[in-house]
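If you count the sequence shown from 1, you need to add 18 to reach the numbering used here. The C-beta atom is built at its ideal place from N, Cα and C for all residues, glycine as well. The structure appears right after this line, and notes come after that.
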Amino acid sequence: MRWKIALILFLILSFNTTRALAQQKEGKIESVCIQCHSQLGGKFAEPVEQWNKSIHKEMGNNCEGCHGGDATDMGRAMTTEAGFRGKPKLLEIPDFCGKCHIGVKENYSKSVHGITASKTGAPNCVTCHGKHDIKKASLELINEKNCTRCHTYDKPQKIKQALASTDKEIARLSALIKDVKGSSIDTKRVEEKLFAARNAIHQVTHVLSVNRINAMKATTDKELSSVDESLKAIEKEIAKRKRIAIGASLFCFFTAGVIILYRKIFLKPENWFKV
């Protein structure tokens, strides 16, 4: 009897949780974190305003993704039972972000940035990427204004120059994938290959070693060349299918034209539709 009651309670709880998540996904309800912080205003509302412009929001990473807690229940939102972690201390930031950005954290920890931060707390992830207004990872983050807050721009500039051509090629291939994605040909494999190559080069960037970055760049460029070949094959197949479709359409029109012409020349009007 007990197991039946437990099963019923479990099913009810599962249904309510699923319904709440579905409503949140459809935009019917809003995260209680966002509701509360927005209503408080001032400095408490700033994280929401910044997050709204971030890559985290674009990628679907909400408050609870970083800070934990239950974003669907006001009473559980900031409880340790719901996994609430709150605001990390300065020395905790690399591990805090490294929960998701594992490869980046590993490379960062080996760099002069990571070694220094392990003692002083900075420079850490938010120093370059921001707190709640997280920017999309790109070479634009490596610039004289950002870097010269702590040191000269010489080495960062070399890193940026080393990555420039690879970054440009990644952007070109991403655009090509978008162009062919609407076709009937599956692009999942080539998308995954490009994603892996992009991640690999972005992760090793945090080592801040020009030599290691150049070594990874050579490997990544080979992967990108393979992606390019795959996309060319897809484009060729799309062009082939278009030619076949056009040919089939022309054949149908030609056949219809021949039939109409035949009826007009050889048949009386009253017999046109009897053939």
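In this structure Leu194 is in contact with Leu249, their Cβ atoms being roughly 5 Å apart against a cut-off of 8 Å. Bounds of any alpha helix (DSSP H) do not take in His150, whose DSSP letter is neither H nor E.
For Asn125, the uninterrupted alpha helix (DSSP H) segment begins and ends at Ile120 to Lys128. Here the C-alpha atom of Gly116 lies approximately 7 Å from the C-alpha atom of Val122.
The Cβ atoms of Tyr126 and His220 lie no closer than 8 Å to each other. The criterion of a C-beta distance shorter than 8 Å is satisfied by Val198 and Glu253. Cβ-Cβ separation between Ser72 and His150: approximately 6 Å, consistent with a contact (criterion under 8 Å). Burial is judged here by how many other beta carbons sit within 10 angstroms of a residue's own beta carbon; Asp113 has fewer than 16 and is exposed. With distances taken between CA atoms, Lys137 lies nearest to Leu108 out of Leu108, Ile231 and Ile152. Residue nearest to Leu242 within the set Ile203, Asp185, Arg281 and Ser201 is Asp185 (criterion: CA-CA distance). Counting along the chain, the unbroken alpha helix (DSSP H) around Thr223 starts and ends at Lys206 to Thr223. In this structure, Gly86 sits away from Phe62, with a CB-CB distance that is not shorter than 8 Å.
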